[in-house]
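Visitor: Take this structure first; my questions come after.
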Amino acid sequence: MIPELGHFFLILALVNAVILGTLPFYGAHTQHNGLMRLASKAAIGQFILLLASYICLTIAFVQDDFSVAYVANHSNTLLPLRYKVTAVWGSHEGSLLLWIMILAAWMAAVALFSKALTSVIRARVLATLGLISVGFVSFALFTSNPFERVLPFIPIDGADLNPLLQDFGMIVHPPMLYMGFVGFSVVFAFAIAGLLQGDLDQKWAKWARPWTTVAWIFLTVGIALGSWWAYYELGWGGWWFWDPVENASFMPWLAGTALLHSLAATEKRGAYKSWTVLLAILTFSLSLLGTFLVRSGVLTSVHAFATDPERGLFILTFLGLAVGGALALYAWQFDKLKSNNNYTLVSKEIAIVLNNVLLFSSLLVVLLGTLYPLLADYLWGQKVSIGPPFFDPYFSFFFAFILFLIPFGQQMNWKQDKLSKVLMPQLALLGLAIIISSLLLSWLASELLLWPVVGVSLSLWLTLACLAYVVKLSKNASSFLQGIKKIRRSYWGMLLAHTGLAVTTIGAIVTTFYSIEKDVRIEPQQTVAVGELDIYFEKFDNFTFENYISSQATLKVSEDGDHLVTLKPEKRRYRVSGQLMTEAAIHPGLFSDLYISLAQPLEQGAWAIKVYYKPFVRWVWLGALLMALGGLLAVSDKRYRQKKFTKVKGYRNES
Amino acid sequence: MKAHRKKKLITILSSLVLLSTAVGLLLYAIGDYADAFYEPRRVVNGDAPLNKTIRVGGLVTTGSVKRSKDSLYVEFDITDNEEVITITFDKSLPDLFREGQGIMAEGKLVDRKTLKATKVLAKHDEKYMPPEIAETLKKSHKDGVKKMEQQGEKQKGRY
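These protein sequences, in sequence, are chains V and R. Heads up: the first sequence is residues 1 to 655, going by my numbering. Heads up: the second sequence is residues 1 to 159, going by my numbering.
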C-alpha cells in the first residue's frame, strides 16, 4: 500500500510540475498576476509531494518490504537501521528520487526567499525549474521507478546493500553532491529568466550570486567527502583517481568557480553580463552531463551502475533539449545584454577574465580527457582509457598559472589600478615564499624536487599574500583590531577560500610526491622494520557483527622503541552477498597519516600488508573545508540580508 | 543583413573558431596518452603493441591463479572464451577479484601471451561489468554461435 502511495505522489508531482513549467510562463508573458502567483504555490507543492514520495520509499526500506524490487535488491533484514534509511540512495532509482526531491527543495527555497524579486522574474525562475522537474520526474517514472513491485514471487530476504556503501562517508557524500549539482539548476533558471527578459541589471546578479555560492559550497564539501571516503574505504590510499565520475563532479565545480568570479564582476561593475549567463548555462549543462555519465554506464568507472542504454538515451535527449534550448535562447538574446566596458588593462575586471580563461582551460582538459574514450569508440571503434599521465601535467599547467595570478588579482581595484604598486611587494613575498618552502622541503624530505618546490612556493606565497592583504585592509583604522573589524565578511570569505586553495594544493603536491608505500610480509609474533617504524604483529582475531564477519589483525607500531599506536586493519566478509572488503586502519595526523591495510593472507598465518606513509594528506580536505567556510562567510555578508534593495547609485568603486 | 546582426554573427563565429582550435589542439595531445583496450584474441593475433601501456580484459580462468608463497606476486590467465593470455602482477589484488569473474588489467606486454600488469581492476559490485569486457564476451559468444551454426550447416550437408 505505502509503495503505491509513493508512486501516486510521484505521478501527482509530474502533473504539478507540468503546470508549474507552463502556466507561469504564460502568466509572465501576459502580465497575468494570478498565474504568476501560482508559481510559488506549485513550487512548494512540488516539494511536499516529492518529500511524501521519498518518505514512502524510506518506509518501505525500514519495513523490509521486499515486494518492492528496489528494496529487495538493495537491502536486507540484517542491515542495521541507519543503513536501511541511507540505502534509499544506495543505487540508481532511489538516488534519482533524492535528486528530484532536492531539486524541489531548492524550488521551495526560491519561492520562500525571493520576495524581493519582481513577480515576472520569480515566475520565470520557478517555471524553468518546473520544466527541469518535468524532465527528471518523468525520467524516474518511465525508466527507473523505485516503487516497482516484484509480484507474485516476493523474495524472502533482500540482496543486501553494497558493502562499500555501508559507511559514514557514503551516507553524507551523495546528498551533499546532489545539493551542489541541483543547486546550479537555480542559477541556470535565473539565467533563463534574465535572458527572457532581455536585460540583466545588477539586482539580478545580486540575487543569483548567493544562490551560486551556496550550491558551490555544497559541491565543494561533497567532492571533498567523496575524496576522503575513497581514501579510507577503497584501501589503496589514494584520494583522487581522475575517474570519469569524479571528473563529472569536478567539471561543474570548475565552471561554478569561474561563474562565482564573473558574477562578482557582473554584480559590482555590470560587466561581462552575457559571458556570466553563458557560464551559468554551461555549469548546469555540466551537472546534467555528469548525471548522464554516471547513469548511462557509457564509461568504465568504479561508479558506473548497471548499463542501461534506455536511460542514457533519455538523459542525452533531455540534455540536448535543455542545453540546446538555452543556447538558442542565448544566441537570440545575448546582444541585448549591455555590459559595462569601462575598465582598463590593469584592473580587477581583467584579473577576472584571466581567472575565467584559465579555469575554462583546465575545465576543457578535464572534459576532453573524460569524453575522449567515448569519442574514440564512436569514431574509430577503438576502446581507450585516459588516466593520470594525461590529466596530471595538463591540469597542473593551467592550475599553476591560476595560483600565480591570485595574489595579484585578489587585491586589484575595479576599473583601474597601478601594476607597479602591486608588483614589487608581491614579488618580494614570492621570494620569501620560495626560500621558506625550499628550506621546509629540504628539511622534510631527502631530495628537493622541482614540482613540489614550485607548488608549495606558489601556495605559500598565496597564503602570505592573503595575510598581507588583511594587514593592508586594516591600515586606515585607529588600531589594528579596529581595522580587522572593519573588513567585510565577503572579503574574509574570499581570503579564506583562497587560503583554502593554497592548503589543498600543498596537501595534494606533498602527498603526491613524498608518499611512501611498502608491501610487507609479516608473521604473527614477528616484528618487521618499515623505515623508522617497527611493526609487531600481535594477534589475529575473528569477530561477528550484525551483517558481517570481521577478521582483524592487531599491529603494534613503535618508533625508536617507543610505542606509537596500535592499529587494527580488517578484512570483512559480508554474510548475505559474500563480498570481501578491506578496512584500512589509519593513524591520522595533521602532518602525516600512517595507513595500514591487509592485502592478502600468505602461507602459515602470515599476511601481506600494505604500509603507507602519507604526509600532509589531510590538508587536501582541510583546504576544501576552508573554501566552503569562505563561501559561507561570503553568503552571510550583510548586503545579502537586506530585505529590500535600495537602488544602487552608479557603480560603487570598492577597493 | 543589419549591422548589429552581422556583428553578432561575427562574434559567434569567431568564438566558435577559437573554441574548436583549442579543442582540436588538446585532442591531438590526448592521443599520445590514450591506453588502448584489447581483447585476448587480438593480443595473441599480434594486434597489440609491445612496450606500450595497454588494457586487456576478460574472465579469470578457473584454476589458473598461482600465488607466490612469500610475496604478493601472482599469475593468472584471462580469456575471452577464444584465446588465453597470462597476467603477472606483484601488488595486492582487489577484494572482488575471483576466478570466473571479469577483470581488467593495465600494463605492458612481455610477449604475445604475457602481460605484466601495473593495475588490476575487478568489477565493483555484483551487477557491474566493465562495458569493454561485456562487449568482448558478447562478441566472442556471437562468433561462437555463428561458428556452431556454420558447422551445423556443414553437418547437415554431410548427412
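Yeah, the Cβ is synthetic: ideal placement off N, Cα and C, and Gly gets one too. All values derive from a computational prediction rather than experimental measurement.
Please state if the CB of Asp-637(V) and the CB of Arg-488(V) are separated by a distance shorter than 8 Å.
Guide: Yes, these two residues count as a Cβ contact at 8 Å.
Visitor: When you check each C-beta in the region 367-395 of chain V against every C-beta of chain R, which residues fall closer than 8 Å?
Guide: Listed in sequence order: Leu-368, Gly-369, Tyr-372, Pro-373, Leu-375, Ala-376, Gln-382, Lys-383, Val-384, Ser-385, Ile-386, Gly-387, Pro-389, Phe-390, Tyr-394.
Visitor: Going residue by residue through the region 26-62 of chain R, where are the continuous alpha helix (DSSP H) segments of at least 4 residues, counting only ones entirely within it?
Guide: Fully enclosed alpha helix (DSSP H) runs of 4 or longer: 40-45.
Visitor: In chain order, what residues of the same chain lie with their CB nearer than 8 Å to the CB of Gln-416(V), ignoring the 5 residues before and after it?
Guide: Once the five neighbours on either side are set aside, the close Cβ partners of Gln-416(V) are Tyr-343, Thr-344, Val-346, Ser-347.
Visitor: Pick out whichever of Ala-624(V), Leu-632(V), Ala-634(V), Lys-610(V) has its Cα sitting closest to the Cα of Gly-237(V).
Guide: Here the closest residue by C-alpha is Lys-610(V).
Visitor: Quick one: give me the first and last residue of the alpha helix (DSSP H) that His-173(V) is part of.
Guide: Run containing His-173(V): 168-197, per the alpha helix (DSSP H) assignment.
Visitor: What are the boundary residues of the alpha helix (DSSP H) that Ile-436(V) is part of?
Guide: First-last of the alpha helix (DSSP H) with Ile-436(V): 419-444.
Visitor: With a cut-off of 8 Å, do at least 3 Cβ pairs link the region 203-223 of chain V to the region 628-636 of chain V?
Guide: Taking 8 Å as the limit for Cβ pairs, the verdict is that the region 628-636 of chain V does touch the region 203-223 of chain V.
Visitor: Over what stretch of residues does the beta strand (DSSP E) that includes Asp-377(V) continue unbroken?
Guide: Per DSSP, Asp-377(V) belongs to no beta strand (DSSP E); it is in the alpha helix (DSSP H), 348-380.
Visitor: Please classify Tyr-26(V) as buried or exposed, where buried requires at least 16 neighbouring CB atoms within 10 angstroms.
Guide: Result: exposed.
Visitor: Distance cutoff 8 Å, beta carbons only. Does Ile-30(R) sit that close to anything in chain V?
Guide: Closer than 8 Å to some Cβ of chain V, the Cβ of Ile-30(R) qualifies, so yes.
Visitor: I need the straight-line Cα distance from Val-245(V) to Leu-602(V), nearest angstrom please.
Guide: Going by the C-alpha atoms only, they are around 35 Å apart.
Visitor: Could you name the residues of chain V that Ala-105(R) contacts, counting a contact when the two beta carbons are closer than 9 Å?
Guide: Going along chain V, no residue has its Cβ under 9 Å from Ala-105(R), so there is no contact; the nearest lies around 12 Å.
Visitor: Just the chain R side, please: which residues come within less than 7 Å of Glu-603(V) by C-beta, in chain order?
Guide: Here the neighbours are Lys-69.
Visitor: Beta-carbon of Phe-76(R) versus every beta-carbon of chain V: anything under 8 Å?
Guide: Cβ-Cβ to chain V under 8 Å: no for Phe-76(R).
Visitor: Would you mind working out which of Gly-256(V), Trp-492(V), Val-456(V), Asp-562(V) sits nearest Phe-616(V), comparing C-alpha positions?
Guide: Phe-616(V) has its Cα closest to that of Val-456(V), out of Gly-256(V), Trp-492(V), Val-456(V), Asp-562(V).
Visitor: Could you check the C-alpha separation between Met-179(V) and Thr-58(V) for me, to the nearest Å?
Guide: Straight-line Cα distance between these residues: approximately 19 Å.
Visitor: Closest to Leu-567(V) by CA distance: which of Ser-550(V), Glu-93(V), Tyr-595(V), Gly-623(V) is it?
Guide: It is Tyr-595(V) whose Cα lies nearest to the Cα of Leu-567(V).
Visitor: When the Cα atoms are used, what is the spatial distance from Ser-490(V) to Ala-502(V)?
Guide: Spanning the two alpha carbons is a distance of roughly 19 Å.
Visitor: Below 8 Å between beta carbons is the criterion; list the residues of the region 317-332 of chain V that meet it against any residue of chain R, in chain order.
Guide: Answer set for the region 317-332 of chain V: Ala-331.
Visitor: By Cβ distance, which residues of its chain are closer than 7 Å to Ile-19(V), with the 5 residues on each side in sequence left out?
Guide: For Ile-19(V), where only same-chain residues beyond five positions count, the Cβ hits under 7 Å are Ala-42.
Visitor: Report the CB separation of Glu-83(R) from Val-44(R) in whole angstroms; it is logged as a contact under 8 Å.
Guide: Between Val-44(R) and Glu-83(R) the Cβ distance is about 4 Å, and since that is below 8 Å, they are a contact.
Visitor: If the cut is a Cβ gap below 8 Å, which residues of chain V does Ala-48(R) touch?
Guide: Within chain V, no residue comes near Ala-48(R); the closest Cβ sits about 12 Å away, beyond 8 Å.
Visitor: Just list the residues that DSSP pairs Arg-149(V) with in beta bridges.
Guide: Answer is Val-68(V), bridged to Arg-149(V).
Visitor: Taking the alpha-carbon positions, what's the Ala-127(V) to Thr-22(V) distance?
Guide: Approximately 7 Å between the Cα atoms of the pair.
Visitor: Mind listing the chain V neighbours of Ala-36(R)? Cutoff is C-beta to C-beta under 9 Å, in chain order.
Guide: Going along chain V in sequence order, the residues near Ala-36(R) (Cβ under 9 Å) are Ala-376, Gln-382, Lys-383, Val-384, Ser-385.
Visitor: In terms of residues, what are the limits of the beta strand (DSSP E) holding Gln-482(V)?
Guide: Per DSSP, Gln-482(V) belongs to no beta strand (DSSP E); it is in the alpha helix (DSSP H), 480-486.
Visitor: With the cut-off set at 8 Å, would you say Glu-583(V) and Arg-572(V) are in Cβ contact?
Guide: In contact: Glu-583(V) and Arg-572(V) (Cβ atoms closer than 8 Å).
Visitor: Report, in whole angstroms, the separation of the C-beta atoms of Glu-196(R) and Ala-117(R), which I expect to be a contact under 8 Å.
Guide: As displayed, chain R neither begins before 1 nor continues past 159, which places residue 196(R) out of reach and without an answer.
Visitor: Quick one: residues in its chain with C-beta nearer than 8 Å to the C-beta of Asn-16(V), no 5 flanking neighbours on either side, listed in chain order?
Guide: So the qualifying residues of the chain are Ala-42, Gly-45, Gln-46, Leu-49.
Visitor: What's the gap between the Cα of Lys-486(V) and the Cα of Leu-200(V)?
Guide: Distance between the alpha carbons of Lys-486(V) and Leu-200(V): 31 Å.
Visitor: For His-563(V), list the residues DSSP reports as bridge partners.
Guide: BP columns for His-563(V) point to Ser-558(V).
Visitor: Does any C-beta atom of chain V lie closer than 8 Å to the C-beta of Arg-55(R)?
Guide: Closer than 8 Å: yes.
Visitor: Shortest alpha-carbon distance to Leu-59(R) belongs to which of Thr-86(R), Leu-16(R), Leu-25(R)?
Guide: The residue with the shortest Cα to Cα distance from Leu-59(R) is Thr-86(R).
Visitor: Taking Val-510(V) as the reference, give the member of Trp-414(V), Trp-99(V), Trp-239(V) with the closest Cα.
Guide: Selected option, being the one with the closest Cα: Trp-239(V).
Visitor: From Pro-388(V), Thr-257(V), Leu-165(V), Ile-132(V), pick the residue whose C-alpha is nearest to that of Leu-321(V); which is it?
Guide: Of the listed residues, the one whose Cα sits closest to Leu-321(V) is Ile-132(V).
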